[in-house]
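Inspection log for the structure reproduced underneath, given as C-alpha cells.
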Amino acid sequence: MYSFDIQRPTSLADAVAALATDEALPLGGGQTLIPTLKQRLSAPSVLVSLSGIAEMKGVCTNDDGALCIGGGTTHATVAREATSYPGLAALAAKIGDPAVRNRGTIGGSLANNDPSACYPAAALGSGATIITNTRSIAADDYFQGMFATALDEGEIVTEVRFPVPEKSCYMKFEQPASRFALVGVFVAKYADGVRVAVTGASEEGVFRWTEAEEALSSNFAPEAVEGLSVSGDGMISDLHGSGTYRAHLVGVMTKRAVAAAI
Amino acid sequence: MPKDHGIGASPKRREDVRFLTGAGNYTDDINVHGQAYVHFLRSDLAHGKINGIDTSAAEAMPGVVRIFTGKDFEGVGGLPCGWQVTDKHGEVMKEPAHPVLAQGKVRHVGDPIAAVVADSLEQARTAAEAIVLDIEELPAVVDMNKALEPGATKVHDDLSDNLCYDWQFGTDTETTDAAFKNAAHVTTLELVNNRLVANPMEPRVAVGQYSRAGGDYTLYTTSQNPHVIRLLMGAFVLGIPEHKLRVVAPDVGGGFGTKIFHYAEEAFCTFAAKACNRPVKWTSTRSEAFMSDAHGRDHVTKIELALDKDNNFTAVRTDTKANMGAYLSTFSSSVPTWLHGTLMAGNYRTPAVQVNVKAVFTNTVPVDAYRGAGRPEATFQLERVIDMAARELGVDPIALRRQNFITQFPYATPVAVEYDTGDYEATMAKMEELMDIPGFAARRAASEKNGKLRGLGINCFIEACGIAPSNLVGQLGARAGLYDAATVRVNATGSISVMVGAHSHGQGHETVFPQVVAEMLGIDESMIDIVHGDTSKIPFGMGTYGSRSLAVCGSAMVRATEKIINKAKKIAGHLLEASDSDIELKDGMFSVAGTDKSVAWGDVTLAAYVPHNYPLEDIEPGLEETAFYDPANFTYPAGAYACEVEVDPETGKVTIEKFVSADDFGNVVNPMIVEGQVHGGIAQGIGQALLENCAYDENGQLLSASYMDYAMPRADDIPHMAHYVVDHSCQTPCTHNPLGVKGCGEAGAIGSPPTVVNAVIDALHSGGHTHVKHIDMPVTPSRVWAAMNSQ
Numbered sequence: 001m002y003s004f005d006i007q008r009p010t011s012l013a014d015a016v017a018a019l020a021t022d023e024a025l026p027l028g029g030g031q032t033l034i035p036t037l038k039q040r041l042s043a044p045s046v047l048v049s050l051s052g053i054a055e056m057k058g059v060c061t062n063d064d065g066a067l068c069i070g071g072g073t074t075h076a077t078v079a080r081e082a083t084s085y086p087g088l089a090a091l092a093a094k095i096g097d098p099a100v101r102n103r104g105t106i107g108g109s110l111a112n113n114d115p116s117a118c119y120p121a122a123a124l125g126s127g128a129t130i131i132t133n134t135r136s137i138a139a140d141d142y143f144q145g146m147f148a149t150a151l152d153e154g155e156i157v158t159e160v161r162f163p164v165p166e167k168s169c170y171m172k173f174e175q176p177a178s179r180f181a182l183v184g185v186f187v188a189k190y191a192d193g194v195r196v197a198v199t200g201a202s203e204e205g206v207f208r209w210t211e212a213e214e215a216l217s218s219n220f221a222p223e224a225v226e227g228l229s230v231s232g233d234g235m236i237s238d239l240h241g242s243g244t245y246r247a248h249l250v251g252v253m254t255k256r257a258v259a260a261a262i
Numbered sequence: 001m002p003k004d005h006g007i008g009a010s011p012k013r014r015e016d017v018r019f020l021t022g023a024g025n026y027t028d029d030i031n032v033h034g035q036a037y038v039h040f041l042r043s044d045l046a047h048g049k050i051n052g053i054d055t056s057a058a059e060a061m062p063g064v065v066r067i068f069t070g071k072d073f074e075g076v077g078g079l080p081c082g083w084q085v086t087d088k089h090g091e092v093m094k095e096p097a098h099p100v101l102a103q104g105k106v107r108h109v110g111d112p113i114a115a116v117v118a119d120s121l122e123q124a125r126t127a128a129e130a131i132v133l134d135i136e137e138l139p140a141v142v143d144m145n146k147a148l149e150p151g152a153t154k155v156h157d158d159l160s161d162n163l164c165y166d167w168q169f170g171t172d173t174e175t176t177d178a179a180f181k182n183a184a185h186v187t188t189l190e191l192v193n194n195r196l197v198a199n200p201m202e203p204r205v206a207v208g209q210y211s212r213a214g215g216d217y218t219l220y221t222t223s224q225n226p227h228v229i230r231l232l233m234g235a236f237v238l239g240i241p242e243h244k245l246r247v248v249a250p251d252v253g254g255g256f257g258t259k260i261f262h263y264a265e266e267a268f269c270t271f272a273a274k275a276c277n278r279p280v281k282w283t284s285t286r287s288e289a290f291m292s293d294a295h296g297r298d299h300v301t302k303i304e305l306a307l308d309k310d311n312n313f314t315a316v317r318t319d320t321k322a323n324m325g326a327y328l329s330t331f332s333s334s335v336p337t338w339l340h341g342t343l344m345a346g347n348y349r350t351p352a353v354q355v356n357v358k359a360v361f362t363n364t365v366p367v368d369a370y371r372g373a374g375r376p377e378a379t380f381q382l383e384r385v386i387d388m389a390a391r392e393l394g395v396d397p398i399a400l401r402r403q404n405f406i407t408q409f410p411y412a413t414p415v416a417v418e419y420d421t422g423d424y425e426a427t428m429a430k431m432e433e434l435m436d437i438p439g440f441a442a443r444r445a446a447s448e449k450n451g452k453l454r455g456l457g458i459n460c461f462i463e464a465c466g467i468a469p470s471n472l473v474g475q476l477g478a479r480a481g482l483y484d485a486a487t488v489r490v491n492a493t494g495s496i497s498v499m500v501g502a503h504s505h506g507q508g509h510e511t512v513f514p515q516v517v518a519e520m521l522g523i524d525e526s527m528i529d530i531v532h533g534d535t536s537k538i539p540f541g542m543g544t545y546g547s548r549s550l551a552v553c554g555s556a557m558v559r560a561t562e563k564i565i566n567k568a569k570k571i572a573g574h575l576l577e578a579s580d581s582d583i584e585l586k587d588g589m590f591s592v593a594g595t596d597k598s599v600a601w602g603d604v605t606l607a608a609y610v611p612h613n614y615p616l617e618d619i620e621p622g623l624e625e626t627a628f629y630d631p632a633n634f635t636y637p638a639g640a641y642a643c644e645v646e647v648d649p650e651t652g653k654v655t656i657e658k659f660v661s662a663d664d665f666g667n668v669v670n671p672m673i674v675e676g677q678v679h680g681g682i683a684q685g686i687g688q689a690l691l692e693n694c695a696y697d698e699n700g701q702l703l704s705a706s707y708m709d710y711a712m713p714r715a716d717d718i719p720h721m722a723h724y725v726v727d728h729s730c731q732t733p734c735t736h737n738p739l740g741v742k743g744c745g746e747a748g749a750i751g752s753p754p755t756v757v758n759a760v761i762d763a764l765h766s767g768g769h770t771h772v773k774h775i776d777m778p779v780t781p782s783r784v785w786a787a788m789n790s791q
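First to last, the sequence lines map onto chains A and B. Here the first sequence is numbered in UniProt numbering, starting from 1 and rising by one per residue. Here the second sequence is numbered in UniProt numbering, starting from 1 and rising by one per residue.
Okay, here's the thing in C-alpha cells:
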C-alpha cells in the first residue's frame, strides 16, 4: 500500500473535522478498504478510523420499538445483541467468517453498498432509516446502485434504525468462491405489509421485489410466490451464474425465506 | 494389535511440532543480511509487442538499486523444458524460447516484463509504477480450437503455428478402427478437464545470494526438488557449475506439482544477486501466484469406448487437445503424453487403446503437472465414458467394470506399461462393503422425502507412480534420470542422519523415513533424523513428485541401510570374535547365532569411530553409506471409490454426503499419514469436481484471479469424517522395490473427480433429467441448474 497518515478520533465531531481534509477517507472495519489499499487501488492521504468512537457503537431499542444499531457496531455484536430482531441477528451471524464479523461494521457495509453484501438487503427489506452526522435517510432513498449511496463526501453513517417486523428471514445462496451472496433475499412481515429485498442479483445493486411484496402481503406463505418471477434482464451475469440463474434463485430464496419465517 | 513403532505404526508427525508452533523455517522466513527486494512488473495484456520500455524515471526513484528488462538477459539461456516429445510424424516438439524476462513480446497476463530491485519492496513497487511501457496489443489466442485454425495469431512468431506436437500412442489405427467397426455398441463423450491453480498455502519465494570471495551462489527457493533446480538453472540458464551453486529448499508449504518447475523468478534472483552484488529476495503475492505459478490440467477430450455384444470392452480411442499455455514449463510436454496416454487402459483388459494428443500454445499461463499429472485426465475420461456406457446399455456400472477387470498379473497393456501386481476385485468389494451399496435405495428415498435428488457414483482408477526407470524415460524423451539417492550417516554414539534426495513439503518424510530405518536396525526412531532440501548437504536427489518419495528415495535409503548393516556386522563380528556371516541383528543388538554373545548397536558404532579394536586391515573406519536407486518399473496403486451426493433440484447445488475410497497402496509404513494423504487428495479432487475453475475471457484476461472468484474447497465442502472413509487394507505389495510400497500422494486427487461427476449424473437421472449426459467440471450449482433446464 501507499503510505498515509492515520487519525483515530474518539468523537464524531473530531471524525467529521478530520474527514474535511482533502483525500481523507473514513475507515470502518476495513474489510473492503484495507484489501483495496493493499492492492494500491486507493491512495488516501489520511485514513480516519471510526473504530474508536464510542457513541457510534452498540445495539439498543428506542421508544418507538425500533432496533438502533450504531454505525461502528461489528457484525459479531449485532449477531449477539440484536435479540429483538432475530432475522437481522441471523443475517449478521453469517456475514463472511469470524475475522470479518469481528472487524466489519454495519456502517461500513452500508456506506460501501457492495452489490453482493448482506446488510443492504436487511436495511432495505426492513425499511430502515440510515442516520448520518447530518441527516436521516430512508432506506428506499439511500441505495442508489452498485457501490453508490445517498451519502455525501465525508458523511458518516452513525446509526441504523430498524423497525422490528413480526416475522423475518434472510436466505443467502452463496457464491462458491467468495461466499458473498450470489443471491440473498430478506423478507420481513410488518403489520402494514411485507417487504422483500434482494441482494447479489442485480446490476443496480439491492432492490425491492414489489410483485412478491404484494403477493405476500395478502398471503404470507411460500405458495404466494409460486409462479412469480423476476426478469433475468439487468441481472449480474458472471463466472458463477447467468442472469437467468440469478433471477431463478430470487424466486427460490424468497420462497425459502418465507417458509423459514413462518 | 497395531504396532506402536517401526513399519506399520502411526506415530504422530514429528515435523508438525514446529509447523504448528510457528517454528517452521519457510523460505520467506529466510532473510539475508543486506538483501534487496525485487518486484516484477508483469504484463496486464495477454499478447502484445514490446516497442519500448522506458525505465529512466523509475531508476531515479528512492531506494532503487537497479532495473532489469529482457535486454539484460539476452546473453542468458531461457528456461528449459525437461522432456522432449516426438510426435506421430517422428518430429520433435516445437520448443519456443522462454526468456527470464520478456523479450520482444508478452505472451500471457503475468508475463514478467521488468524487474525492479530496491532497498524495500514498497520502493520497488512504487518505482515499477513509473516505468513507461510502449506495448502494442495483439489479438490473443485463448481457445485451443481457434489457436489451431489456419491463419490463427501465433503465440510465437518464429514457429509455423500454435501446434506444439501431434502425438499418437498405443494401438495402431487400422486395428483400432476395426474394433470400432465391429463393436456392438459405441459410447462417445466429449468433455473438458478444467484448468486449475494449485494454490499451495505458501506462495513461491526466491532469495538469491552471491559471494564475490568464492564466486559461488546460493538460491533459497520453494522447490520440491532443489537438485533439479540446480541442474536446470545452473546448466541451462545461467551457466553456473554445480560446485558453485547451492540450492536450498527449506520448509516448503505445499507443492502439489507446481513447485517442481524451474521458474523465471528463481533464475532472476540468482542472476541479480551477482549483478547487484547484493542478495535479492522475491516473495510472490497470492495475486502473482494466480498468474505466474504453472496451472494444471486444461484438456479438451473426445473419448470413444467400443463394446462387444457381451459388454466386454473392445477398444478405447481418445482425442485430446492439451493446453500448454504460452511457454513450455519444465515438464509440461510429458503430462498429456507419457503421464496420460500410458494410463488409458485403466483397470481393464481392453485389447485396443489408442491415444491422440495435440498440444497447443495459447496466450495463457503455462500449464504443467498438478497432483496426479496426466493420470487424473486419463481416469476422468475413461471412467466417465464407462459410466455413460453402463447407462446407455442399462447395466450396473459396478458389474460392467467388474466384468472387464484385469485379473492376471503381470499385465502388459496396449499402452506400453506392465502392471506388476494388483487386485481390483478386492478393492471393489471393499468399497461396496464400506459404502453399504444395498442401503443406497433407502438413503435415496430419504433424500427424496426432503426434496433432494440422491446419486451414487462409482469409479475405479490405476496410476503409475514412483517415476521411473531412467532408461525407459530416457527413451521416451526425458532429459533427466529419475532415480533417487540417500546417505545414511551413523554417528559415533549410534544416532543417525539420513540425507535424502526426496523433499518433504507436507508429506511427512521426517516421520516416515526414520520408521523404516528404525525397523531395519531395531533401534528407536528418535535416534534418526532426516536431512533434506539442501544440495550442499545431500548426495543428490530428483525430488518429490509423482508419489515417488518412499518408492524411489525410500528404496535408496533401504539399500544404504543394508550396506550399513553389512559393515556393522563385520565390526560386530570382529568385536565378538566371530565370522560376520554368523552375526544376527535384532532389536539393536548384534549377536552370534546360537550363542549368548552379543554387542549393542552403540558399541559397534562407537568402534567404527574409535577404531582401537577394529579390523582396519579389512574395512575403513566410520559408518556412512550412500545408495542410488533406479526403479525397475513404475508402481501401480489402484483403487475403487464411491460417493453419494445430494442435488438440490431448485438451485442445482451439489453436496457430498458420503465418500468411500478403497485403495491398494501395497505395503503401508505409516497408516495415519497415508490416510491423511488420501483425505487431502480427495478434498482436492472434490475441489476440481465441484468448485475450482481457472477461467480466461476471450481476450486472455484471467477471470478467476483471486479467491474472490477461484473457489477452493473448504472444510464444509467435504463430508464429515464419519462419512469420509479411506481404506487401504487391500494390499498387493509392489513386486520390484524392497519395501513393497506403491505411493499414495496423488490417488485421492485422481480417483475422486469422476466419482463425484458420476454421482451427480446419477442423481439427475433419478429425478427424471435423463437428457443430461454430462456436465463439465466444476459441477457448480449454476451448471447443474442449467443442465437440468436445458430442454
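Glycine included, each C-beta is placed from N, C-alpha and C at the ideal position.
Cut-off 6 Å between Cβ atoms - residues of its own chain near B:Thr-320, not counting five sequence neighbours on either side = Locating residue 320 of chain B in the second sequence gives position 320, where the first residue counts as 1. Excluding residues within five positions, the ones whose Cβ falls inside 6 Å are His-299, Thr-301 and Val-357.
inquiry  = As an exercise, report each continuous alpha helix (DSSP H) stretch of at least 4 residues that is fully enclosed by the stretch 438-483 of chain B, in chain order.
reply    = 440-449 and 470-475
message = So B:Met-708 contacts chain A; which residues on that side make the cut at Cβ distance below 9 Å?
response = Here the question's residue 708 of chain B lines up with position 708 in the second sequence. Under the 9 Å cutoff, chain A gives Gln-175, Ala-177, Ser-178 and Phe-180.
For B:His-39, the residue or residues it bridges with in DSSP = The residue labelled residue 39 of chain B in the question sits at position 39 within the second sequence. In the DSSP output, where bridge partners are listed per residue, B:His-39 has B:Val-116.
ask   = Any C-beta of chain B sitting closer than 8 Å to the C-beta of A:Leu-47?
value = Looking up residue 47 of chain A in the first sequence gives position 47. Not one chain B Cβ lies under 8 Å of A:Leu-47.
ask   = chain A partners of B:Leu-703, CB-CB under 7 Å?
value = On the second sequence, residue 703 of chain B is found 703 positions in, with the first residue counted as 1. Within chain A, the residues near B:Leu-703 are Leu-239.
ask   = Can you pull the DSSP bridge partners for A:Gly-108?
value = For this step, residue 108 of chain A is matched to residue 108 along the first sequence. Answer by DSSP bridge pairing: none, since A:Gly-108 is not bridged.
Bridge-paired residues (DSSP) for B:Pro-139 = To locate residue 139 of chain B, count along the second sequence from 1; it is residue 139. Note: B:Pro-139 sits in no beta bridge, so no partner.
Nearest neighbour of A:Val-160, chosen from A:Lys-167, A:Ala-139 and A:Glu-211 [CA to CA] = Within the first sequence, numbered from 1, the residue matching residue 160 of chain A stands at position 160. Nearest option by C-alpha distance: A:Ala-139.
message = Helix, strand or coil for B:Thr-318? Go by DSSP, reduced to three states.
response = Position 318 of the second sequence, counted from the first residue, corresponds to residue 318 of chain B. Three-state DSSP puts B:Thr-318 in a strand.
request  = Return no unless some Cβ of chain B is closer than 8 Å to the Cβ of A:Leu-19.
outcome  = Residue numbering aside, residue 19 of chain A sits at position 19 when the first sequence is read from its first letter. So, not an interface residue.
query = Which class does B:Lys-146 belong to by DSSP, given the choice of helix, strand or coil?
reply = Within the second sequence, residue 146 of chain B is the residue found at index 146, counting from 1. Helix, per DSSP.
ask   = Nearest to A:Tyr-85 by CA position, among A:Gly-71, A:Ala-188, A:Val-230 and A:Gly-243, is which residue?
value = Taking the first residue of the first sequence as position 1, residue 85 of chain A is located at position 85. Closest option to A:Tyr-85, Cα to Cα, is A:Ala-188.
request  = Go ahead and pull the three-state DSSP assignment for B:Asn-356.
outcome  = On the second sequence, residue 356 of chain B is found 356 positions in, with the first residue counted as 1. B:Asn-356: strand per DSSP, three-state reduction.
inquiry  = Assuming B:Val-756 is part of the alpha helix (DSSP H), what are its boundary residues?
reply    = For the purposes of this step, residue 756 of chain B is taken as the residue at position 756 of the second sequence. B:Val-756 -> alpha helix (DSSP H) spans 747-766.
task = Pull up the distance between the alpha-carbon of B:Val-668 and that of B:Asp-727, whole angstroms please.
result = In the second sequence, residue 668 of chain B corresponds to position 668, counting from 1. In the second sequence, residue 727 of chain B corresponds to position 727, counting from 1. So the two alpha carbons sit approximately 11 Å from each other.
request  = Output the distance between the C-alpha atoms of B:Thr-651 and B:Val-674, rounded to the nearest integer angstrom.
outcome  = In the second sequence, residue 651 of chain B corresponds to position 651, counting from 1. In the second sequence, residue 674 of chain B corresponds to position 674, counting from 1. Between B:Thr-651 and B:Val-674, the C-alpha separation is close to 36 Å.
query = Along chain B, in chain order, which residues have C-beta atoms closer than 8 Å to that of A:Leu-249?
reply = Reading the first sequence from its first residue, position 249 is the one you call residue 249 of chain A. Within chain B, the residues near A:Leu-249 are Thr-651.
message = Between the alpha carbons of B:Phe-73 and B:Cys-276, how many angstroms are there, rounded?
response = For the purposes of this step, residue 73 of chain B is identified with residue 73 of the second sequence, where counting begins at 1. For the purposes of this step, residue 276 of chain B is identified with residue 276 of the second sequence, where counting begins at 1. Rounded to the nearest angstrom, the two C-alpha atoms are 14 Å apart.
query = How would you list, in chain order, the residues of chain B whose beta-carbon sits under 9 Å from the beta-carbon of A:Leu-85?
reply = Position 85 of the first sequence, counting from 1, holds the residue named residue 85 of chain A. Here the sequence assigns Tyr to residue 85 of chain A, which means Leu is not the residue at that position. Chain B residues near A:Tyr-85: none, gap ~27 Å exceeds 9 Å.
Residues bridged to B:Asp-663 [DSSP beta-bridge criterion] = For the purposes of this step, residue 663 of chain B is taken as residue 663 along the second sequence, with counting starting at 1. In the DSSP output, where bridge partners are listed per residue, B:Asp-663 has B:Gly-639.
inquiry  = With three or more beta-carbon pairs closer than 8 Å as the criterion, would you say the stretch 362-373 of chain B touches the stretch 253-261 of chain B?
reply    = With the cut-off at 8 Å, the stretch 362-373 of chain B and the stretch 253-261 of chain B touch.
task = Mind checking who B:Val-248 pairs with in its DSSP beta bridge?
result = Your numbering for residue 248 of chain B matches position 248 in the second sequence. For B:Val-248, which the question treats as bridged, DSSP gives the partners B:Tyr-220 and B:Asp-534.
request  = Measuring alpha carbon to alpha carbon, tell me which of B:Asp-618, B:Ser-332, B:Pro-637 and B:Ser-223 ends up nearest B:Ser-504.
outcome  = Indexing the second sequence from 1 puts residue 504 of chain B at position 504. It is B:Ser-223.
message = Run through chain B and tell me which residues come within less than 7 Å of A:Ser-242, C-beta to C-beta.
response = Start at 1 with the first residue of the first sequence, and residue 242 of chain A comes out as number 242. Within 7 Å Cβ-Cβ: Ser-782.
request  = Helix, strand or coil for B:His-723, going by three-state DSSP, please let me know.
outcome  = Residue 723 of chain B sits at position 723 when you count from the first residue of the second sequence. Helix, per DSSP.
key: Supposed contact pair A:Ile-106 and A:Gly-71 - C-beta distance, whole angstroms, cut 8 Å   = Working through the first sequence from its first residue, we reach residue 71 of chain A at position 71. Working through the first sequence from its first residue, we reach residue 106 of chain A at position 106. Contact flag correct, Cβ pair sits at about 6 Å.
task = May I ask you to list, following chain order, the residues of the stretch 278-304 of chain B that have a beta carbon less than 7 Å from some beta carbon of chain A?
result = none
ask   = Terminal residues of the continuous beta strand (DSSP E) containing A:Ser-168?
value = Taking the first sequence and counting its residues from 1, the one referred to as residue 168 of chain A is at position 168. That run of the beta strand (DSSP E) goes 167-174.
inquiry  = Taking 8 Å as the threshold (beta carbon to beta carbon), is A:Tyr-142 in contact with chain B?
reply    = As a position in the first sequence, residue 142 of chain A is number 142, starting the count at 1. It does not: the Cβ of A:Tyr-142 has no partner Cβ on chain B nearer than 8 Å.
inquiry  = Does any residue of chain B have a CB that is nearer than 8 Å to the CB of A:Tyr-245?
reply    = Position 245 of the first sequence, counting from 1, holds the residue named residue 245 of chain A. Yes, contact with chain B.
message = Going by DSSP, what residue range makes up the alpha helix (DSSP H) through B:Asn-404?
response = Translated into the one-based positions of the second sequence, residue 404 of chain B becomes position 404. Its alpha helix (DSSP H) spans residues 397-404.
ask   = Got a sec: is the Cβ-Cβ distance from B:Ala-58 to anything in chain A below 8 Å?
value = The residue you call residue 58 of chain B lines up with position 58 of the second sequence. When Cβ-Cβ separations below 8 Å define contact, B:Ala-58 makes no contact with chain A.
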